[in-house]
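Residue numbers (my numbering), protein chains in the order written: chain S, 11 to 321; chain B, 1120 to 1431.
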């Protein structure tokens, strides 16, 4: 043990500290924007990244493969009905001799197109409607919310089925039918966010600097609602894809000879107990994989974009 | 509470009325008469038929008699099956669909809650990992795809269960499984998330400090509160199961209401479409009404008259 009385106290121990060079306030690491931070978090989530890469691959393949495939989507080849997968037909052929491989990728086009279009339209209507309702508040909000409450109470798929019974079946019809009640969920989320954010101090500060309504919406409100909106979008897309497949399966969606995964599954129904497994397996696999990819990506984005969860 | 119930009740009536009106005008917006496909009939028969289905009257009086038919619960005859009324179709099909739906809900809720609770108790353990993998797969697999896969494997390859119709408990296994997996996965995930949150609460620590058995803590204290989000999504889930019965009954050839509904869509039997749609909607809206009230009774913290909707 040291006896402290024996320590020699030196004068140089008591020199004044060198003046601060002013660097103490400099941020050492580059500051991360909200999006960069979210991306960093998302990258750590392997499952979500798998979903993202799978979807990018699916999108590219859906565009390219039907363009370069040597088989046509609709051309029938009756001598080659229900052929098992081979070098010539990688996923086999269906009851009309059509190539299941080409049809599967064509179906991917339809599914992704329906899903993305439905989500885009939902977002557009949802942001406008929810934004006005939340920003205006008061009586306007009350009336607009009553309308939403009524629409929310309607059974979604039943309304869609009714519309499809009445309208000519086509891709546009499906998208219209899906979005006619689909935007309600998005509008509610946007409205909730706007209602909350518009009372924050930074919005008041903006206002006190003389910012107009448009500038506040564009610069303050929208960027801060983007997180929940994107998460909701990644959940809208798979539910639209499911709805399209479901409706096509019921015979209300895309009409034969054109292919969508739901149509292909429906066509395969009579032969599921005989040996032609590939007819059902490939569209089923692709629907499931796509829904899986969107779901895990949505989960990952939810974790990455939600500031409340940051440790 | 009473005020809230009354308010919700009138909203329920309003919603059904909107759907009924929407259905009516959509069906009448279709160009041509529903009888057009029977081109061979002579004009007299055609006129008689139109009279029988009240198609000769102006739209407004048709609408009023239609509303009357809803209130008196008499949806008239089917057009494609002349000696069959919409009521008898509903009467025959609904009990079967109801049975399928109820069994599905029971299976989904019980197994979902058990799975979610186990996952939460073994947070980040093997059971948690397996249960959540299963849940993500369950959510990603549409019920009609799952149904066809189940038939292929368990009815085709293995031959354990019958592939179609609705006669014995053995017949119920595959359709129920196909319909229940999705909701079960959703419930399992929700239960796990809210259970994890509840388990960190002070009253759970308190219960542990009192020396209660883990079983008692879970069932009496944790589960009760963890169940609240599950009750909230019951409404959406019911709607999903209801529409799910359309395809499941089609695939398994179950003579329920969903099968008749799909049939009526495919051969454009308008009275049947209208009747079943209104019936389905009324049933669904009524179930949502019940769920809301049960929710209020279960959670006294929620003041019903100022309840604000939660988008998720």
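Idealized CB from N, CA, C, for every residue including glycine.
All of these numbers come straight from a predicted model, not from anything done at the bench.
Considering only DSSP beta bridges, list what residue 109(S) is partnered with.
Answer is 103(S).
Under 7 Å from the C-beta of residue 1386(B): neighbouring residues of chain S
Within chain S, no residue comes near residue 1386(B); the closest Cβ sits about 11 Å away, beyond 7 Å.
For a contact defined as C-beta to C-beta under 8 Å, what are the partners of residue 120(S) on chain B?
Under the 8 Å cutoff, chain B gives no residues; its nearest Cβ is about 15 Å from residue 120(S).
What's the C-alpha gap between residue 115(S) and residue 208(S)?
45 Å
Chain-ordered chain S contacts of residue 1145(B) [CB-CB under 8 Å]
172, 173, 175 and 176
Any beta carbon from chain S within less than 8 Å of residue 1271(B)'s own beta carbon?
Residue-level contact by beta carbon holds for residue 1271(B) and chain S, with a gap shorter than 8 Å.
Under 8 Å between C-beta atoms of residue 1309(B) and residue 1261(B)
no
Residue 248(S) (DSSP reduced to helix, strand or coil):
helix
Using a C-beta to C-beta distance shorter than 9 Å, which residues of chain B count as neighbours of residue 7(S)?
Outside the displayed range of chain S (11 to 321) lies residue 7(S), so it cannot be described from this structure.
Taking all protein chains shown into account, decide if residue 1142(B) is buried (16 or more other Cβ within 10 angstroms of its Cβ) or exposed.
Burial is judged here by how many other beta carbons sit within 10 angstroms of a residue's own beta carbon; residue 1142(B) has at least 16 and is buried.
Can you check whether the CB of residue 50(S) is closer than 8 Å to the CB of residue 143(S)?
In this structure, residue 143(S) keeps its C-beta atom at 8 Å or more from the C-beta atom of residue 50(S).
Do the stretch 255-272 of chain S and the stretch 173-183 of chain S make contact, defined as three or more Cβ pairs closer than 8 Å?
yes
My assumption, with CB atoms under 8 Å, is that residue 1231(B) sits in contact with residue 1307(B). Please give the rounded CB distance.
5 Å
Whether residue 1136(B) touches residue 165(S) by CB criterion (8 Å):
no
Determine, for residue 1365(B), whether the minimum Cβ-Cβ distance to residues of chain S falls below 8 Å.
yes
Sequence ranges, alpha helix (DSSP H) only - wholly within the stretch 252-294 of chain S, length at least 4:
271-278
Examine chain S for any beta-carbon lying closer than 8 Å to the beta-carbon of residue 1124(B), and answer yes or no.
no
Beta carbons nearer than 7 Å to chain B: which residues of the stretch 292-309 of chain S have them?
Residues are counted here when their Cβ sits less than 7 Å from a Cβ of chain B; for the stretch 292-309 of chain S these are 294, 297, 298, 301, 302, 305 and 306, given in chain order.
Sequence-distant residues of its chain with Cβ nearer than 6 Å to residue 1413(B) (five each side left out):
Taking residue 1413(B) as the centre and dropping the five residues before and after it, the same chain places no C-beta closer than 6 Å to its C-beta.
Using beta carbons (cut-off 8 Å, strictly below), is residue 1261(B) in contact with chain S?
yes
Interface partners of residue 1111(B) on chain S, CB under 9 Å:
No information on residue 1111(B) is available, as it lies outside the stretch 1120 to 1431 that chain B covers here.
Note down the Cα distance separating residue 62(S) from residue 1244(B), rounded to an integer number of angstroms.
As the crow flies, the alpha-carbon of residue 62(S) is around 26 Å from that of residue 1244(B).
Less than 8 Å between the C-beta atoms of residue 304(S) and residue 244(S), yes or no?
In contact: residue 304(S) and residue 244(S) (Cβ atoms closer than 8 Å).
Quick check on this structure: which residue in 64(S), 111(S), 278(S) and 311(S) has the alpha carbon closest to the alpha carbon of residue 1268(B)?
278(S)
Have a look at the DSSP bridge pairing and note the partners of residue 1204(B).
Within the DSSP bridge table, the entry for residue 1204(B) names 1196(B) as partners.
Kindly list, in the order they appear in chain S, the residues whose Cβ is closer than 9 Å to that of residue 1399(B).
165 and 168
Reference residue 76(S); option with closest CA among 111(S), 52(S), 67(S) and 122(S):
Closest option to residue 76(S), Cα to Cα, is 111(S).
Going by the beta-carbon positions, is the gap between residue 1242(B) and residue 1342(B) smaller than 8 Å?
no
Outcome for residue 1202(B) when other beta-carbon atoms lying within 10 angstroms are tallied against a minimum of 16:
The residue in question, residue 1202(B), is exposed, as its Cβ has fewer than 16 Cβ neighbours within 10 Å.
Going along chain S, which residues have a C-beta under 7 Å from residue 1381(B)?
260
On a CA-only basis, which of 1328(B), 1410(B), 1291(B) and 1394(B) is nearest residue 1356(B)? Give me that one, please.
Checking every option, the nearest Cα to that of residue 1356(B) belongs to 1410(B).
Can you check the stretch 1230-1307 of chain B for any alpha helix (DSSP H) of at least 4 residues that lies completely inside it and give the ranges in chain order?
With a minimum length of 4 residues, the continuous alpha helix (DSSP H) runs that stay inside the stretch 1230-1307 of chain B are 1245-1259 and 1262-1269.
In three-state terms, what does DSSP make of residue 1189(B)?
helix
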